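In UniProt numbering, the protein residues as written are 1 to 425.
Ideal placement from N, C-alpha and C gives every residue a C-beta, glycine not left out.
Remember, it's a predicted structure, so these values are computed and weren't measured experimentally.
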């Protein structure tokens, strides 16, 4: 059966855009791909940590540096104007991608973590106090959990955690109990990077808004893998990273409702974010620039937009269908083993990742063994230590999938897991 008949997207054509998928592994890590021991095909299943970058996005970076490299917003000369137009239009592209009203609602950041911190510092330190609560979930990434935990310590606010049930879902009755008139902020992950749970963020937004609270949605695992409409979910803030959706590292986006961003003070100060400066006072530039101090990540921002264009050409509905197909296949194949624990919802109701443990094999050992087979997975706590504590485990192995992955690569993972089980039997 051909690729087109097997998958909702043309995986074969997509894989041709990623030369790294053709390399061999197994040799000296100080000379990647160059040694005689690099003789094993690569099966890359670590996409929840970072995805690979297609030639079209690499070319966007190259075109900038080779053709119109200049600082933005600070020059009358043509190169500066060209760079400024491309960088500003990148904000428009990202805004359209997630359904924002316009560039005023899109702040470029380094990543999702910086976006969380921007809101926590620029909004949280001002708005939170001892009578307020911040509601998170037990499945939060450290980017959210640690950030609001520490801001709460500074402000005296209380942090509450929505329970995760035994099947990996949020207890929405518990959420309704926790979110009350003291709640100022609800911060929740859209798709769990450990459980694969897809949370009902629109319902949580309704709960938050019923009590005049704001909601911050961590979209690091959702924006790359499914259609997102921030206005439909009624998120006050939404954040995601370029490197998990075929873009470069060092660039991400914070969406915020314009009126809320307008009311907030800057998080960083310096050049480009100011309108007028005297020895006594300063005033701020319009949105979104008042939150983008100093020389921004220009090449990365332009390439971020190129990655969005690439994903939209595939189609986000098709991307979601492909992810769910692979996640269900991996879940079913892993379920064939005795002594394998899989965490989170059933295979037909999750995002494109599967976290698991093999009885008698530590996750780090498992990752090392499957690496010998050329299979790249993640092992550890996935920046969800409290969730792992709740699950009663120190670590887990995680396989995560993207547009260029196939069932055959999952079969390679299963063969490698089989060898690991046999080795530790």
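In the DSSP annotation of this structure, the continuous segment of the beta strand (DSSP E) that includes residue 356 starts and ends at 353-358. For residue 288, the closest of 265, 147, 124 and 305 by C-alpha to C-alpha distance is 265. Contact between the stretch 209-224 and the stretch 171-183 is present, with at least three C-beta pairs closer than 8 angstroms. Residue 252 and residue 353 have their C-alpha atoms some 21 angstroms from each other. One Cα belongs to residue 311, the other to residue 232, and the distance between them is close to 20 angstroms.
When the five nearest sequence neighbours on each side are left out, the beta carbons in the same chain lying within less than 7 angstroms of the beta carbon of residue 65 are those of 299, in order along the chain. Residue 224 holds the alpha-carbon nearest to the alpha-carbon of residue 320 among 337, 224, 282 and 368. When only Cα atoms are considered, residue 46 and residue 77 end up about 43 angstroms apart. Residue 399 has its alpha-carbon roughly 33 angstroms from the corresponding atom of residue 92. Taken through DSSP and simplified to helix, strand or coil, residue 8 comes out as coil. The shortest CA-to-CA distance from residue 169 to any of 188, 159, 152 and 36 is the one to 188. Across the set 340, 122, 243 and 162, the C-alpha of 162 shows the shortest separation from the C-alpha of residue 137.
Here the alpha carbon of residue 227 sits roughly 12 angstroms from the alpha carbon of residue 308. A distance below 8 angstroms between beta-carbons, with the five flanking residues on each side excluded, links residue 335 to the following residues of its chain, in chain order: 342 and 347.
Two segments are said to touch when three or more pairs of C-beta atoms, one from each, lie closer than 8 angstroms; by this definition the stretch 27-47 touches the stretch 371-388. Excluding residues up to 5 positions away in sequence, 79, 80 and 83 lie with their Cβ nearer than 6 angstroms to the Cβ of residue 70 in the same chain. Note that the C-beta distance between residue 117 and residue 147 is below 8 angstroms. In this structure residue 17 touches residue 56 by the C-beta definition: roughly 7 angstroms separates them, less than 8 angstroms. With a beta-carbon spacing of about 5 angstroms, residue 270 and residue 294 fall inside the 8 angstroms limit used to define contacts. Residue pairing by DSSP places residue 216 opposite 187 and 237 in a beta bridge. Counting along the chain, the unbroken beta strand (DSSP E) around residue 109 starts and ends at 106-109.
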